[in-house]
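According to my numbering, the sequence shown is numbered sequentially starting from 1204.
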Amino acid sequence: MSIRKTDQIIPLTPTADHSALDGYFVKNSSGSAALIAAATDIPVGVIVNGEDTDGKDSVALPGFAGLVDVKLAATPGTVNFGTTLVLDGTTLGAVKADPGSTDRVQVAVALESGTAGELIKARLIEPVFIDAA
1204 MSIRKTDQII
1214 PLTPTADHSA
1224 LDGYFVKNSS
1234 GSAALIAAAT
1244 DIPVGVIVNG
1254 EDTDGKDSVA
1264 LPGFAGLVDV
1274 KLAATPGTVN
1284 FGTTLVLDGT
1294 TLGAVKADPG
1304 STDRVQVAVA
1314 LESGTAGELI
1324 KARLIEPVFI
1334 DAA
């Protein structure tokens, strides 16, 4: 058996123009990459190099060993080094600080501080659905 790919980045056709959406999380939509639309969607990964619909996004999977840029939501809460990040339900594909309540999906750990709309360095984690009930 041979190892086919070890970098944990895959190409996916975007469902819309993702050329300006590096750092946004995507989900599988019939074999294509669609922006996360809800706080409880389970992502495939995060766009590290977005393309238009004629190209292929480069998507880092949760097992990716390197650091990635992730996009902070319009209201991300307090994000510092070590903050667990969850998908945001209002800014498509973006993340925010884990509020510790409501149903949510943890996807990354911040490796630097950031504010609304910024790209920050993060370490991806395997998505974890947290049921607030």
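Yeah, the Cβ is synthetic: ideal placement off N, Cα and C, and Gly gets one too.
Neighbourhood of THR1348 by C-beta distance below 8 angstroms, restricted to the same chain and skipping five residues each side: The chain is shown only over 1204 to 1336; residue 1348 falls outside these bounds and no answer can be derived.
Endpoints, the beta strand (DSSP E) within which THR1218 is located: Residue numbering aside, residue 1218 sits at position 15 when the sequence shown is read from its first letter. Segment: none, THR1218 is in no beta strand (DSSP E) and carries neither H nor E.
Boundaries of the beta strand (DSSP E) in which PRO1330 is found, first to last residue: On the sequence shown, position 127 is the one that residue 1330 refers to. PRO1330 -> beta strand (DSSP E) spans 1322-1333.
Extent of the continuous beta strand (DSSP E) to which LYS1299 belongs: Stepping through the sequence shown from its first residue, residue 1299 is reached at position 96. Start and end: 1298-1300.
CB contact check: GLY1269 to chain B, cutoff 8 angstroms: Chain labels in this structure do not include chain B; a single protein chain is all it has.
Where the beta strand (DSSP E) through LEU1290 begins and ends: Within the sequence shown, the letter at position 87 stands for residue 1290. Where LEU1290 is concerned, the enclosing beta strand (DSSP E) stretches over 1287-1290.
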